[in-house]
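Reviewing the structure listed below.
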């Protein structure tokens, strides 16, 4: 979405507006930032279940005989060995190893003969860039790239009660679905792709279905959620939830001037026996070591460090905050940022400049929050 | 206080002006609309008593989960009192914005700023526009 165009509406826009959603322009989409208190929405997700409209995320289908090898040449993790139904988090890098986006790759199985293509879910803010990047990399391969974002809607159910809410409503036994896998199934008369994925640190699912079917499904799930202490949740609590879970957000912890090694995303880099755009740079980054790394920060008082706040040690500037919030779970300010590797060890005390005043912060391991297993 | 009898800044502060011993004192707080919009307050940074303030300049801050917001002085003057109870009872700002939720009292040294304030009806109009 370009900045000067009218923001797009998801198929759930009217529902949000009719149910107290405060609508804001986010990456070219009118999205609910909150319906009520952010803390209440956050706690509903941690304690029961939160429902999120994430239809703004970009949805791409990559098909054709060369689809697997094509994606394999562009993603930091292997694609060719993905099994049907499997989903992988990985990064798209440029030649310099800078992060163009972080994406989920879905090995989708669309029909009984197991013929399959791939789905890519990309950040809303990067959708046009990634579509253009993919197209520029096709060369003579036989690949079809389709941007199906507006043909489908996408929602997330997240929280300790998410699976028990959805399981009785679907023909598939969700409790047996492994994390980071997905399945096509019929739900409420609509064909849905349900995956055990999310961005909150909780167990849960994400559902993709045809755009005109989502309102009924959403309302049914909302009705069920209300019975067990759940509710709709806006982007503000989605941010506090992912921050507590130590998950990076593109535009904050990730950008073209940050590489996956310093971002602490080694688990999403697979260098063995394969080649992809940015690989040489990543090999070099790993060999050299990184001069800055992503860390978690915890503060004692109630002032909240925000994106852009400078991090100091003594008089010298040693880093910057990329995201910060007041953690509803821990009831104290938390932040993520990049600091020099020499001051990145957990327990290190730093100073944060919050609007001209210095506050003490301690480096802590990520994630801040990990759900009970 | 009845909000209909208060003055409001475009930046969402309410102001009540009273005369004590020949000097004008402005009591200031945040409007119910502002508190509702902020939600999830976590901190207020009260100004120091004795601090000189300038009209339409920030002089203290309120922090919510989502963002930090400046509170602006409506007039030039000097802070002569702050509501010390607020930092440990931020809910007061929302529960009783126009009485117990007052934030600071300012001794006015230049009244010019008062001319830029809105009456309740004009402020409501601005809020209705912002809400859409």
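Chains as they are written, first to last, in our numbering: chain A, 1 to 373; chain B, 1001 to 1132.
All residues carry an ideal CB built from backbone N, CA and C; glycine is no exception.
When the alpha-carbon of residue 351/A is set against those of 331/A, 179/A, 250/A and 317/A, the nearest one is in 317/A. Residue range 13–18 is occupied by the alpha helix (DSSP H) that includes residue 15/A.
Residue 197/A is bridged by DSSP to nothing; it lacks a bridge partner.
Residue range 1068–1072 is occupied by the beta strand (DSSP E) that includes residue 1069/B. The beta carbon of residue 285/A sits closer than 7 Å to those of 97, 259 and 261, all from its chain and outside the five residues before and after it, given in chain order.
Taking 9 Å as the cut-off, the Cβ atoms of residue 1054/B and residue 355/A do not count as close. Residue 233/A places its beta carbon less than 9 Å from that of residue 41/A. CA-CA distance, residue 179/A to residue 19/A, rounds to 32 Å. Taking CB atoms only, residue 18/A has no neighbour in chain B less than 9 Å away. Between residue 49/A and residue 165/A the beta-carbon gap is near 6 Å, inside 8 Å, which marks them as a contact. Its Cα nearest to that of residue 187/A, the residue 216/A stands out among 216/A, 181/A, 309/A and 176/A. Across the region 1026–1039 of chain B, CB contacts with chain A closer than 9 Å involve 1037 and 1039, in sequence order along the chain. For residue 1068/B, a Cβ of chain A is located within less than 9 Å of the residue's own Cβ.
Remark: C-beta atoms of residue 1007/B and residue 1074/B approach each other more closely than 9 Å. Rounded to the nearest whole angstrom, the CA to CA distance from residue 310/A to residue 240/A is 21 Å.
In the same chain as residue 149/A, and ignoring 5 residues on each side of it, the C-beta atoms closer than 7 Å to its own belong to 58, 59 and 127, in chain order. In this structure, residue 71/A lies near residue 120/A, with their beta-carbon atoms less than 9 Å apart.
Around the Cβ of residue 1034/B, a 10 Å sphere holds 16 or more other Cβ atoms; the residue is buried.
Taking a C-beta distance under 9 Å as the contact criterion, residue 1049/B and residue 1080/B qualify as a contact pair. Taking the beta carbon of residue 232/A as reference, no residue of chain B falls within 9 Å; the closest one sits roughly 15 Å away. At a cut-off of 9 Å between C-beta atoms, residue 326/A counts as an interface residue with respect to chain B. Secondary structure note for residue 39/A: its alpha helix (DSSP H) is the uninterrupted segment 38–47. Under the three-state reduction of DSSP output, residue 66/A falls in the coil class, being neither helix nor strand.
With a cut-off of 8 Å on Cβ pairs, the region 154–162 of chain A is not in contact with the region 135–142 of chain A, counting fewer than three such pairs. Per DSSP, the continuous beta strand (DSSP E) segment holding residue 52/A begins and ends at 50–53. Rounded to the nearest whole angstrom, the C-alpha separation of residue 11/A and residue 197/A is 21 Å.
With the criterion set as a beta carbon lying under 9 Å from some beta carbon of chain B, the members of the region 32–56 of chain A are 33, 34, 36, 37, 38, 39, 40 and 42, in sequence order. Per DSSP, residue 298/A is one residue of the beta strand (DSSP E) stretching across 292–299. The C-beta of residue 1063/B comes closer than 9 Å to at least one C-beta of chain A.
Secondary structure of residue 312/A (DSSP, three-state): strand. One alpha carbon belongs to residue 162/A, the other to residue 1014/B, and they sit about 44 Å apart.
With 16 or more other Cβ atoms from the protein chains shown falling within 10 Å of its own Cβ, residue 1046/B counts as buried.
Judged by DSSP secondary structure, residue 285/A falls outside any beta strand (DSSP E) and instead within the alpha helix (DSSP H) spanning 279–288. Not a single CB atom of chain B sits nearer than 9 Å to the CB of residue 124/A. Relative to residue 190/A, the option among 200/A, 118/A, 220/A and 174/A whose CA is nearest is 220/A.
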